[in-house]
Each structure stands twice: as C-alpha cells, then as structure tokens.
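One line per chain: the protein sequences are E and Z, in this order.
Each residue of the first sequence is one higher than the one before, starting from 20 at the first, in our numbering.
Each residue of the second sequence is one higher than the one before, starting from 30 at the first, in our numbering.
Below: one structure, written as structure tokens.
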Amino acid sequence: MMPYRIAQIRLVSSHPEVYEPCDDSFALVDALLADRTNLLEHRPRICLEIGCGSGYVIASLALLLGGEDSGSYFIATDINPHAVSVTSETLNAHGVHAELVNTDIASGLEGRLMGLVDVMVVNPPYVPTPDEEVGCDGITSAWAGGENGRSVIDKILPVADKLLSDKGWLYMVTLTANDPCDICLDMKKKGYAARIVLQRSTEEESLHIIKFWRDPNSQLEANDAKLLTKTDHGAGFGSFLSQLSQMSFWRSGNSTNN
Amino acid sequence: MRLLTHNMLSSNIKGVTNGFPLRIEVEKVVEKQVDFNPNFLKNMFSKIDYKALLEASRIMGYAELPDHADPSSLESDDFLRRFHHALLQLHLEEGSLVCPETGRKFPVNKGIPNMLLHEDEV
Ligand SMILES: C[S@@+](CC[C@H](N)C(=O)[O-])C[C@H]1O[C@@H](n2cnc3c(N)ncnc32)[C@H](O)[C@@H]1O
C-alpha cells in the first residue's frame, strides 16, 4: 500500500475562537484511516467537510487521498469566519487545497452541489446544551448541540441526503447522548445503511464514528419495521421487533465492502 | 475561490427564486497551477453551467473560453486545457458575489466567500 500522511498537529493553525483538534477530531481521522483502502478505491471526485474548525480533518482527508493530484477535490464549510481562515492556513501549511465557504452548514451550495458529493465528513457540535447556546458566536458554536446534542446534527442529515451522490458516503461523529441508533434509523428511512467504523471511549465521552451509504433495502426495511411496530400493540414486542430490524441493519452494513 | 465553486454557489436569501449565477465583482484575481486532470473535467462538464462559467471567466479577465461548448468539445485537448484553466486555476481572491435578484453582496476575502445571512434574510 502507498505510504500515507495525515495532518501534523504542529502544522495546524489556531485561533482563540476556533475549536482545536481534540479526541473527536482524532477519532474521525482514525476512522478515515481505518477505511482508507475503501476510500482509495472509491475514487471520490468531490469531498465535503461541514464544520471544518482548525482544518485538521479536511487536511488529513486530502493528504490521505493524495490531494488533488489524485483527482479528488475538496470543499469545506464553517459557520465561524475565524475557522475558515484557520483552515486555510492549515491547508497551506500541508501543501493541500480545499475550497472554503463561510456558511451555515452548506447554505448557498445545496442547489448546485446536489448529488455531487462522494465523501462527506462531519464532526458536528454534539454536546447536549440548552438550545439557546446553539449557533452562538465564537467557540460555543463549536460544541453546543442543544437538546441531546441533536440540534445541528438533525439539520445536517437532510442536507447530507441532498448533497451526497448515488455512491456518496457520510462519516459522522456522534456521542452516545445523541442516540446514534435513532440517527441511524432516521437515515435508514432516507434509504441509508450504516456501520460503526470506530468506537472510542474517553474519560468524558463515548464516541462513535458512523459511516452511511445509500442502500435501497434500508428504506424498505425501515418501512416494514414501522408497519410491524404499528400493527403490534404490545409495546414489548414492538420494541423487540425494532431491535431486530436494527440488528439486521447493522449486519447488512458489515456484509458489504463498505 | 475557484470558478468551480462559483458555479456551485447560489444566493441563499429567503424568498429568492433565481439566485444563480451570482454576479462577480472583481478586486483581485490570482492564478494557481493545478494538475491537469482530463477525467475530472469530462465528468464535471455536464454538471457545470457553461454559460455561467463563460461569463465569470470573462469578468475575471480570461477571454479564451469559446462562446459555446457541448460534450463533443471534450474531445479537443485545447478546449479541455482552457476549461481546466477557467474552472480550477483562476481564483477570485478579493471581491464580491452579487445576488442577481436582490443585489445583496456576499464578500469574498482572502479567497473565501462569506455566505452568512443576516437574521432578516433567513
Ligand atoms: C466539534 S467542532 C469540529 C471541528 C473540526 N472539524 C475538528 O474535527 O476538529 C464543530 C465545528 O462545526 C462548526 N459549526 C457549528 N455549527 C455549524 C453550522 N451550523 N454550520 C457550519 N459549521 C458549523 C463550528 O464552528 C466548529 O468549527
């Protein structure tokens, strides 16, 4: 296998109001590394990061795919103006390029970039906080996720569905408090299968990096599960069924090459 | 900001129905060398709004793109090289993107467009 590089911490730029690479950033990059063979075979044309912060993740993704010379192009967004500048410095320091847009999620790109993104990576603000803290200026918006940490995540998922190409993959960081199973079920209804690429527990939190890809069977299964749980009034059995469908859903994720 | 990115951006202001393409106001253009990748260009051609690219490249001072292009143009190496230059090598470093419907300006500083909306625009 080709030698690879990821971003180096000493070359990552910083600013007092920009999220510094942390356990979650490292977990996401480790997940991308763990899936590197698949990513190289996937030959993504357009890769997009939402919420690029310091640029550690998008620089790592660009490096591990071999940069633009390999035929992949990179776009990154952040709502924090300081973050996109810092990302620009980080990319320059590593000699890779990504197009940067200072925007809320992918606002402004959703129309024309629809269906063109082959790989999307997101380390969202996922910490449960009061809803008022979400989208505040500066560093708070880097982690404040509102109720169950789901406010921003739940806005990103439909955008991801819109932007991802038919062969598109989404890698997303989630915390146990975000209820990853529920996120997967939500994505399953949109027609995605899922797999946990990496699970990591730190002192404070338990992180899952989940990979999603389009799988027509997922939607069918999700609808079946809904029907079954609806017609069955015994709550115990209903939840058993939904657990079962979730299990087969995880399994189907592992049986393919994704 | 490359013209590829410009080609993917529309005005996101609430109520705007025809926000594409954003009109470019140039203060500073820079050119950056990028590897020539015919496969990518051929793949992207159908996704690009050629008219928007043509106009944008002219505003950026590059007059070498032909007035019309269709998939058969992709067989010409000469066309591919011009398309490559316009799409990937020209960068708007400083300037603005203007919403075609409302005239609202989105600033581009150090090559980064700011598409953030004011509260009354969301
Ligand atoms: C947990 S940090 C991750 C930063 C970086 N990707 C990393 O992994 O180190 C989340 C980032 O998302 C950005 N963010 C929060 N809300 C956003 C939104 N609505 N649209 C775009 N970016 C957002 C924050 O500014 C912050 O940089």
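All C-beta atoms, glycine included, are put in the ideal place defined by N, C-alpha and C.
For clarity, every value in this text was computed on a predicted model and none was experimentally measured.
In terms of CA proximity to Gly-132 (chain Z), Z:Phe-49 leads the group Z:Phe-49, Z:Tyr-91, Z:Gly-90. Under the Cβ criterion (8 Å, minimum of three pairs), the stretch 40 to 59 of chain E counts as touching the stretch 74 to 88 of chain E.
The DSSP-derived three-state label of Asn-57 (chain E) is helix. In this structure, DSSP gives Asn-143 (chain Z) an extended state, which the three-state scheme calls strand. Taking all protein chains in view, the Cβ of Leu-116 (chain Z) is crowded by 16 or more other Cβ atoms within 10 Å, so the residue is classified as buried. Contact annotation for Asp-88 (chain E) against chain Z: Asp-64 [CB-CB distance below 7 Å, chain order]. Ile-172 (chain E) is positioned such that its CB atom lies closer than 8 Å to that of Asn-197 (chain E). When beta bridges are read from the DSSP output, Tyr-211 (chain E) appears opposite E:Arg-233. At a beta-carbon threshold of 8 Å, the residues of chain Z lying near Glu-118 (chain E) are Met-30, Arg-31, Leu-33, Thr-34, ordered along the chain.
Contact of Met-144 (chain Z) with chain E by beta-carbon distance below 7 Å involves Val-120, Asn-121, Thr-122, Ser-126, Gly-127. Per DSSP, the continuous alpha helix (DSSP H) segment holding Phe-74 (chain Z) begins and ends at 67 to 74. Per DSSP, Ser-170 (chain E) lies in no beta strand (DSSP E) segment; the continuous alpha helix (DSSP H) that holds it begins and ends at 170 to 182. Inter-residue distance for Val-151 (chain Z) and Ile-124 (chain E) is about 13 Å (C-alpha atoms, whole angstroms).
For Ser-104 (chain E), the closest Cβ of chain Z is nearer than 8 Å.
Secondary structure in the stretch 38 to 117 of chain E: the alpha helix (DSSP H) runs of 4 residues or longer, each lying completely within the stretch, are 42 to 53, 55 to 61, 75 to 84, 100 to 113 in chain order.
Between Ile-77 (chain Z) and Leu-126 (chain Z), the beta carbon gap of about 17 Å keeps them out of contact (Cβ cut-off 8 Å).
Listed by position along chain Z, the residues whose Cβ is nearer than 9 Å to that of Arg-24 (chain E) form an empty set, because the closest Cβ is around 18 Å away. Per DSSP, Met-30 (chain Z) has no beta-bridge partner at all. Counting the other CB atoms within 10 Å of its CB gives Glu-151 (chain E) a total below 16, which places it among the exposed residues. CA-to-CA, the gap between Gly-70 (chain E) and Leu-119 (chain E) works out to about 11 Å. The alpha-carbon separation between Lys-209 (chain E) and Leu-119 (chain Z) amounts to approximately 38 Å. With a threshold of 16 other beta carbon atoms within 10 Å, Arg-29 (chain E) falls short and is exposed. In this structure, DSSP gives His-120 (chain Z) an extended state, which the three-state scheme calls strand.
For the set E:Ala-26, E:Gly-74, E:Val-115, E:Val-37, the Cα lying nearest the Cα of Gly-90 (chain E) is the one of E:Val-115.
Between Leu-176 (chain E) and Leu-67 (chain E), the C-beta gap is not smaller than 8 Å, which leaves the two residues out of contact. Remark: C-beta atoms of Tyr-79 (chain Z) and His-114 (chain Z) do not approach each other more closely than 8 Å.
DSSP places Lys-43 (chain Z) in no alpha helix (DSSP H); its state is neither H nor E. Taking a Cβ-Cβ threshold of 8 Å, the residues of chain E close to Phe-69 (chain Z) are Arg-64, Gly-90, Tyr-92, in chain order.
One Cα belongs to Ser-184 (chain E), the other to Leu-103 (chain Z), and the distance between them is close to 23 Å.
Pairing Ala-117 (chain E) with Leu-128 (chain E) gives a Cβ-Cβ distance that is not under 8 Å. Of all alpha-carbon atoms in Z:Asp-99, Z:Leu-32, Z:Asp-107, the one lying nearest the alpha-carbon of Ile-88 (chain Z) is that of Z:Leu-32.
About 5 Å separates the CB atoms of Pro-144 (chain E) and Gly-164 (chain E); that is less than 8 Å, so the two are in contact.
In the DSSP assignment, Val-216 (chain E) forms no beta bridge with any residue. Put simply, the CB of Arg-131 (chain E) is near chain Z, with a gap under 8 Å to one of its CB atoms. Per the Cβ contact rule, the stretch 218 to 235 of chain E is not in contact with the stretch 59 to 66 of chain E (fewer than 3 Cβ pairs under 8 Å). Nearest to Phe-231 (chain E) by alpha-carbon distance, out of E:Met-206, E:Val-37, E:Leu-84, is E:Met-206.
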